[in-house]
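Enquirer: So that we are looking at the same thing, I have put the structure below in structure tokens.
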Amino acid sequence: MMEVSLNVPLGEQAHLKEMFAMMEENRMDAQAQNLEDFLQYFNQMEKYFEDMQDELLYLRGQLDELNDKTLKAKIDNFVKASGDRVHAAKVWLGALRNEVSEGIKQAVGHVKYYGDQALYTFIDKSKAGRALSVIHEHLEHSAKNLEDGARTMGDIGMELSAAKGHRKNAKNLLMGKDAADVFEYDYDKGIVAKIRQAIEFCGKIVKSMAGHTENMQKSLDGFTQRALDNRAGRDSKVPDSMEEKIKLAGHGKGR
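Sequential numbering from 1 applies to the sequence shown in our numbering.
Take a look at the structure:
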């Protein structure tokens, strides 16, 4: 499976620093804050992916200690399916990050043709919205699977404990001893409990990732609408001659 790194220091890229400087110069505080929100989102998601990777390594280590090969194979397939969903979200997130970075670079380059209005074009709302939607869908699906899986592991632990109790009863009966009516089960002890806890923790990580993505979707809706409103207001003040110059500049750049 292709490994995708999101650890790209966007904040250190020259065109991004220039973008923030231009926004400050044009008093675009709201847009600068929303761009900062995007950068923080990427950084936070990268941290979540690292935590998830560490927890999956721990989980696979616990699986190696499981003696039941059939159960081990089923859990391994389940973990792989959930991990594939998270990996797909990571690929989409990497593509979105690159899209934002390229959009910023183009917006900064277009300022000399379009003026400060170009600063509103650093992100394509439809593309970003689509990417965030797909990322959220993958993460929500994985979180639900992990939650269900943890619950199933809890049930399996109880069943295995009951089976152990029945075997102990059978042995006692053969030896002329009394059989127990109730089997004690410590929900948080044993290898199955460790696997369940690891799956639960993975689920919490993915749920947090989905929540951050949902918040970013709401932020995207807000700042792109403000950008459109502000741009519409500025367009109404641009003289016809200036509009013509902008069009000509655009055609010239396309050649």
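Think of the CB as a built atom: it goes at the ideal place given N, C-alpha and C, for glycine as much as any other residue.
According to DSSP, is G190 helix, strand or coil?
Expert: If DSSP states are grouped into helix, strand and coil, G190 belongs with coil.
Enquirer: Inspect the beta-carbon positions of M209 and L146 and report whether they are closer than 8 Å.
Expert: Their beta carbons are not under 8 Å apart, which means M209 does not touch L146 by this criterion.
Enquirer: Please state whether the Cβ-Cβ distance between V285 and V108 is less than 8 Å.
Expert: In this structure the chain extends from 1 to 255, so residue 285 is not present and cannot be described.
Enquirer: Taking DSSP as the reference, what is the three-state secondary structure of D76?
Expert: D76: helix per DSSP, three-state reduction.
Enquirer: May I have the straight-line CA-CA distance separating R97 from N67, to the nearest angstrom?
Expert: Approximately 43 Å between the Cα atoms of the pair.
Enquirer: Output the boundary residues of the alpha helix (DSSP H) element that contains R60.
Expert: First-last of the alpha helix (DSSP H) with R60: D29 to L63.
Enquirer: Would you kindly report the start and end of the unbroken alpha helix (DSSP H) that includes F122?
Expert: Segment: none, F122 is in no alpha helix (DSSP H) and carries neither H nor E.
Enquirer: Quick check: what's the CA-CA separation for E214 versus I135?
Expert: C-alpha separation (whole angstroms): 9 Å.
Enquirer: I believe L56 touches V79 by the beta-carbon criterion, under 8 Å. Please report the beta-carbon distance rounded to the nearest angstrom.
Expert: Indeed, because the Cβ distance is near 7 Å, the residues count as touching under 8 Å.
Enquirer: Using C-beta distances below 8 Å, list every residue in its chain close to A198, excluding the 5 sequence neighbours before and after it, in chain order.
Expert: Around A198: E55, Y58, L59 and Q62.
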